[in-house]
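Residue numbers (the numbering used here): 4 to 702.
For glycine and all other residues, C-beta sits at the position ideal for the given N, C-alpha and C.
Every value quoted in this text rests on a predicted model; they were computed, and no experiment measured them.
This is the structure we're talking about:
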C-alpha cells in the first residue's frame with residue numbers, strides 16, 4: 004500500500020491545498036516559515052496517537068478571527084437576555100436545534116486532511132478490506148477523511164466548564180464600556196472554549212469524499228507505520244559528549260537481530276550465577292537490610308505489624324541487559340591507530356549516521372499490511388553543501404533499494420537538485436497568513452507535449468532551478484556585467500527593502516529567457532527580466548534603428564504572445580513598452596529593455612554611456628574627446644586607434660560613436676563595469692530601464 008495523495012483544508016497557513024506522493028521519495032521544499040513543519044505536525048498528530056495536540060492556533064487565523072467577531076455579539080446578547088439559560092441559548096444560536104447537522108454558518112469550517120491510499124492486485128488488503136466503498140474494479144484506492152471540529156455536545160460541555168470565567172469577563176465588559184482590551188479578553192475565552200470543544204473524527208469514503216462512514220480514530224491509526232525524525236534530533240558534539248545518541252541507536256538496531264536476541268535470553272542466568280557465587284547479595288543484605296529491618300519491625304508494631312520483613316532480590320532480564328549495553332557501549336572511530344570518540348566527527352557526520360541508523364531500524368519494522376511512511380525533517384542540518392549532496396544521493400539510493408516510501412522536508416538547494424522534478428513539492432508563502440503547495444509532478448506533466456521545453460527544464464533543473472524554488476523575487480539577466488551592476492545597486496539605500504528579500508539571480512541570454520515563462524507562472528513568483536534590445540548592428544541612423552527588427556528571441560516571443568506579430572520593429576517595441584504591455588502574466592513578470600529614454604541604445608553598456616554623456620549612441624565625437632573623457636572619468640573603455648590616411652580614405656575624421664566605443668570594448672566589459680562601480684558612478688550611469696525594473700520589483 005502507498006499513500007498517493009494528501010489534501011489539507013483549513014490548517015494554519017493552508018486553506019485548501021493538495022499534493023501527490025511519489026512511490027519513493029517526495030521532497031517538500033520551502034523557505035523558513037512556509038508551512039513545511041506545519042504539514043508534518045498535522046500528519047504526526049493524526050498518525051501517532053495524537054502526540055501533537057490540536058490548538059485554536061492550528062485553525063487559520065482569518066477563519067478564527069472572522070468567527071469570533073461574528074459570535075461575540077451573540078454571546079453578549081445571550082448573557083443580556085437570560086443569564087440562567089445562557090449556555091443553551093448560545094448552543095442553539097450556533098448549532099440550531101437538536102436535529103440540525105454540524106454544517107451551520109456559525110461553526111468554523113472543519114480542519115481536515117484527506118488521504119488517498121493505493122493498492123495493487125498483489126497487496127494483502129485484509130486490514131483495509133472493510134473500507135472499500137467504491138465498487139469499480141479499476142479503482143484500487145481507499146479514501147479517508149480525518150477532521151477536527153466541535154460537536155453540539157462537546158461545545159456545550161466546554162461552555163459549561165468555562166461558564167464562570169466567561170461570565171466574569173462579560174461583567175467586566177458591561178462595567179467598562181468601550182474597553183477594547185476587555186472585549187479582546189472576552190473573545191479569547193470564547194476561542195479557548197472552542198478549542199476545548201474540538202474533537203477528532205475519521206471516515207472512510209468514496210472517491211469524491213461525499214458518501215462517508217465514521218470509524219474509530221484508533222482503527223485508522225493502526226493502518227499506518229509512521230516514523231518521523233524531526234529537525235531537533237539528539238546529536239552529540241564536544242559540549243554534550245555524554246549523550247551517546249549513536250551508541251544507543253546502534254544498540255536499538257542490533258536488538259532486531261535474532262542471534263543477539265537468543266544471546267540476550269541466555270545471558271540473565273549466566274550473569275546471575277557468578278553474582279550468587281561471589282555472595283554479593285549476602286554482603287549487601289548484611290550491610291544494609293538487616294540493620295534497617297530491626298528498625299522497621301519496631302516501628303511497624305505501632306501500626307499493626309503488617310509491614311513484613313525486607314529482603315533483597317536480583318531481577319535480571321533482557322530489558323536490564325539492554326539497558327546495561329546502552330550504558331557501557333560507546334561508538335568510536337579508528338583512524339591510523341588513533342581512537343576518536345563519538346562526538347569527534349562533528350554534528351554533520353553524527354546527523355548523517357543517526358538518520359541512517361533510524362532508517363535501518365525502521366526498514367526492519369516494515370509491515371506489508373499497512374501504509375509505511377518514513378518522514379525526515381531537514382536531513383541537511385549541520386552539513387555543508389558538498390556533504391548535503393553526497394548524503395542526498397545516498398538517501399535517494401537507499402529509499403529506492405529498500406522500497407521505502409518517504410517524505411523529506413528541506414530548505415536546501417542541494418537536496419532539491421538531487422530530486423527528480425516529478426518528485427518535488429514546493430511550499431511557498433502567499434503572504435504572512437497563507438501558503439500554497441506547488442506540485443511539480445503536475446508541472447512536469449504539462450511539459451510532456453513539448454520535447455524541446457521538457458529537455459530545457461531537465462537541464463535547467465540541475466543548474467539554477469533550486470534558487471528559484473526558495474526565492475521571493477527572481478531577476479533574469481544576460482551577462483556578468485548585469486550581475487555586477489545589480490548586486491551593487493541592491494546595496495544602495497534606495498533598494499534596501501528589495502535587498503532584504505531572497506532574490507534568485509539567473510543568468511540567461513535573450514535566446515532562452517522566455518522559456519522560463521512556465522515556471523514563473525506556475526510558482527507565481529514576481530520576476531524581472533532584464534534583456535537587451537539587440538536590433539541589428541548595421542542600423543546607424545535614427546530612421547534605420549526605428550525600422551529595424553530585434554534579434555532577441557525573448558522579446559519577439561513575448562511581443563508575439565501579446566500582439567500576434569512575429570517581427571516587431573524597434574518603434575513598435577518602444578510603443579509597447581510605453582503602454583505598459585511589457586508587464587505580463589497578470590503583473591507577475593516585467594520584461595525590461597532599452598527604450599526611447601536610452602537614446603537608441605541596444606545594449607547595457609551603450610545605455611550607460613548614453614546616460615552619462617547625455618547624447619544618443621549614434622552621435623559621433625572626436626577621438627580626442629573620448630580619450631579626454633576616459634581619463635577624467637577613470638572609466639575603462641577602449642578608444643579605437645586613429646585611422647591612417649590611404650587612397651580610399653585620404654582624410655579620415657577619426658570620430659566615434661558610443662556604439663563604436665562599446666564595440667571596441669567588447670572583450671573588456673567586466674573591466675568597464677568594475678571601473679564605474681569603483682569610481683562611484685553607478686547612480687549617474689544607471690539606465691532608466693534597469694531603474695524602472697528594480698523599482699517595480701521592489702513594490
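- Task: Spatial neighbours of residue 71 within its chain, please: CB distance less than 7 Å, with the 5 preceding and 5 following residues excluded, ordered by chain position.
- Result: Residue mapping note: residue 71 aligns to position 68 of the chain shown, counting from 1. Hits under 7 Å: 190, 193 and 194.
- Who are the Cβ neighbours of residue 431 in its own chain at under 7 Å, not counting the five residues just before and after it? Counting from one through the chain shown, the residue named residue 431 turns up at place 428. Excluding sequence neighbours, residue 431 sits near 33, 37, 438, 439, 441 and 526.
- Task: Would you verify that the beta carbon of residue 124 is, or is not, closer than 7 Å to some beta carbon of chain B?
- Result: As a matter of chain content, chain B is missing from the structure shown, which is built from one protein chain.
- Message: Rounded to whole angstroms, what is the Cα-Cα separation between residue 614 and residue 647?
- Response: For the purposes of this step, residue 614 is taken as the residue at position 611 of the chain shown. For the purposes of this step, residue 647 is taken as the residue at position 644 of the chain shown. Spanning the alpha carbons of residue 614 and residue 647 requires a straight line of approximately 31 Å.
- Message: Can you give me the C-alpha to C-alpha distance between residue 609 and residue 598, rounded to a whole angstrom?
- Response: Counted from its first residue, the chain shown places residue 609 at position 606. Counted from its first residue, the chain shown places residue 598 at position 595. Their backbone Cα atoms lie some 12 Å apart in a straight line.
- Item | Delimiting residues of the beta strand (DSSP E) encompassing residue 677 | Position 674 of the chain shown, counted from the first residue, corresponds to residue 677. Taken as a continuous stretch (DSSP letters only), residue 677 belongs to no beta strand (DSSP E), being part of the alpha helix (DSSP H) at 672 to 681.
- Query: What residues in its chain sit with their C-beta under 7 Å from that of residue 596, if we drop five residues either side in the sequence?
  - Reply: Counting from one through the chain shown, the residue named residue 596 turns up at place 593. Around residue 596: 534, 535, 536, 558 and 692.
- Straight-line gap, residue 651 to residue 657 (C-alpha atoms, nearest Å): Position 648 of the chain shown, counted from the first residue, corresponds to residue 651. Position 654 of the chain shown, counted from the first residue, corresponds to residue 657. Counting only the Cα atoms, residue 657 lies some 15 Å from residue 651.
- Message: Suppose you measure from the CA of residue 98 to the CA of residue 455; what does that come to, to the nearest Å?
- Response: As a working mapping, residue 98 is identified with position 95 in the chain shown. As a working mapping, residue 455 is identified with position 452 in the chain shown. Looking at the backbone, the Cα of residue 98 and that of residue 455 are separated by about 57 Å.
- Item | DSSP bridge partner residues for residue 432 (one or two, in chain order) | As a working note, residue 432 is residue 429 in the chain shown. According to DSSP, which records beta bridges pairwise, residue 432 is partnered with 438.
- Query: Taking the continuous alpha helix (DSSP H) assigned at residue 194, which residues delimit it?
  - Reply: Sequence index remark: in the chain shown, residue 194 carries index 191 (1-based). Here the alpha helix (DSSP H) through residue 194 covers 183 to 200.
- Task: For residue 242, collect the residues of the same chain with a Cβ closer than 6 Å to its Cβ; drop the 5 residues on either side in sequence, then sort them by chain order.
- Result: Locating residue 242 in the chain shown gives position 239, counting from the first residue. Because the pLDDT of residue 242 is 46, which lies under 50, any placement of that residue in the model is unreliable, and the number read from its coordinates should be weighed accordingly. Closer than 6 Å at the Cβ level, and outside the excluded window around residue 242, lies no residue.
- Message: Just verifying my parser: in three-state terms, what is the DSSP assignment at residue 543?
- Response: Within the chain shown, the letter at position 540 stands for residue 543. Judged by DSSP in its simplified three-state form, residue 543 adopts coil rather than helix or strand.
- Taking the C-alpha atoms as reference points, what is the distance between residue 601 and residue 542? Translated into the one-based positions of the chain shown, residue 601 becomes position 598. Translated into the one-based positions of the chain shown, residue 542 becomes position 539. Roughly 16 Å between the two C-alpha positions.
- residue 187 versus residue 174: straight-line alpha-carbon distance, rounded: Locating residue 187 in the chain shown gives position 184, where the first residue counts as 1. Locating residue 174 in the chain shown gives position 171, where the first residue counts as 1. A straight-line Cα-Cα distance of about 14 Å links residue 187 and residue 174.
- By DSSP, does residue 83 sit in helix, in strand, or in coil? Position 80 of the chain shown, counting from 1, holds the residue named residue 83. Note: residue 83 maps to helix in three-state DSSP.
- Compare the Cα-Cα distances from residue 222 to each of 164, 149, 212 and 213 and report the closest residue. The sequence position of residue 222 within the chain shown is 219, counting from 1. When only C-alpha atoms are compared, the closest one is 149.
- Option nearest residue 677 by Cα separation, candidates 626, 428 and 486: As a first step, residue 677 must be located in the chain shown, where it is residue number 674. Among 626, 428 and 486, the Cα nearest to that of residue 677 belongs to 486.
- Task: In angstroms with no decimal places, state the Cα-to-Cα distance between residue 618 and residue 626.
- Result: On the chain shown, position 615 is the one that residue 618 refers to. On the chain shown, position 623 is the one that residue 626 refers to. Rounded to whole angstroms, residue 618 to residue 626 spans 16 Å at the Cα level.
- Item | Strand pairing of residue 145, partner residues [DSSP] | Start at 1 with the first residue of the chain shown, and residue 145 comes out as number 142. DSSP lists 120 as the bridge partner or partners of residue 145.
- Candidates 29, 639, 231 and 436: which alpha carbon is nearest residue 51's? As a working mapping, residue 51 is identified with position 48 in the chain shown. Taking only the C-alpha atoms, the option nearest residue 51 is 231.
- Can you tell me the Cα-Cα spacing of residue 520 and residue 459, whole angstroms? Working through the chain shown from its first residue, we reach residue 520 at position 517. Working through the chain shown from its first residue, we reach residue 459 at position 456. The straight-line gap from Cα to Cα measures roughly 12 Å.
- Message: Less than 7 Å between C-beta atoms, sequence neighbours within five positions excluded: which residues of the same chain meet that for residue 212?
- Response: In the chain shown, residue 212 corresponds to position 209, counting from 1. Within the same chain, 117, 146 and 148 come within 7 Å of residue 212 by CB-CB distance, once the 5 residues on both sides are set aside.
- Task: Give every residue of the same chain whose Cβ lies closer than 7 Å to the Cβ of residue 427, excluding the five residues on either side of it in the sequence, and list them in chain order.
- Result: Position 424 of the chain shown holds residue 427. In chain order, 30, 32, 419 and 443 place their CB closer than 7 Å to the CB of residue 427, counting only its own chain and leaving out the 5 sequence neighbours on each side.
- Item | Closest Cα partner of residue 17 within the set 39, 26 and 35 | Sequence index remark: in the chain shown, residue 17 carries index 14 (1-based). Taking only the C-alpha atoms, the option nearest residue 17 is 39.
- Task: Starting from the C-beta of residue 375, find all residues in its chain whose C-beta is less than 6 Å away, skip the five residues before and the five after it, and write them out in chain order.
- Result: What you label residue 375 is simply residue 372 of the chain shown in a count that begins at 1. Non-local C-beta neighbours of residue 375 in its own chain, meaning closer than 6 Å and more than five positions away in sequence, comprise 228 and 369, ordered along the chain.
- Message: The beta strand (DSSP E) that contains residue 21, what's its start and end?
- Response: Here residue 21 refers to the residue found at position 18 when the chain shown is read from its first residue. For residue 21, the uninterrupted beta strand (DSSP E) segment begins and ends at 17 to 23.
- Among 632, 653, 666 and 590, which has the Cα closest to the Cα of residue 606? Here residue 606 corresponds to residue number 603 of the chain shown, with the count starting at 1. Nearest to residue 606 by C-alpha distance, out of 632, 653, 666 and 590, is 666.
- Under 7 Å, do residue 45 and residue 24 count as touching if we go by C-beta distance? As a first step, residue 45 is located in the chain shown; it is residue number 42 there, counting from the start. As a first step, residue 24 is located in the chain shown; it is residue number 21 there, counting from the start. Taking 7 Å as the Cβ cut-off, residue 45 and residue 24 do not qualify as a contacting pair.
- Which partner residues does residue 204 have in the DSSP bridge list? On the chain shown, residue 204 is found 201 positions in, with the first residue counted as 1. DSSP lists 150 as the bridge partner or partners of residue 204.
- Exposed or buried, residue 579, counting other C-beta atoms within 10 Å across all chains shown (16 or more means buried)? Here residue 579 is taken as the residue at index 576 of the chain shown, counted from 1. Buried is the call here.
- Do the CB positions of residue 504 and residue 524 come within less than 7 Å of each other? Position 501 of the chain shown, counted from the first residue, corresponds to residue 504. Position 521 of the chain shown, counted from the first residue, corresponds to residue 524. Against a cut-off of 7 Å, the Cβ pair of residue 524 and residue 504 comes out as no contact.
- Entirely within the segment 540 to 620 and at least 3 residues each: give me those beta strand (DSSP E) ranges in chain order. List check, beta strand (DSSP E) in window: 592 to 595.
- Is the Cβ-Cβ distance between residue 203 and residue 134 less than 7 Å? Looking up residue 203 in the chain shown gives position 200. Looking up residue 134 in the chain shown gives position 131. Contact: no.
- Item | Selected residue, minimal CA-CA separation from residue 132, among 63, 156 and 226 | Residue numbering aside, residue 132 sits at position 129 when the chain shown is read from its first letter. Measuring from the Cα of residue 132, the nearest candidate turns out to be 226.
- Minimum length 4: unbroken alpha helix (DSSP H) runs contained in the segment 447 to 535: Segments of the alpha helix (DSSP H) lying fully in the segment 447 to 535: 454 to 466, 468 to 473, 483 to 492, 499 to 502 and 520 to 526.
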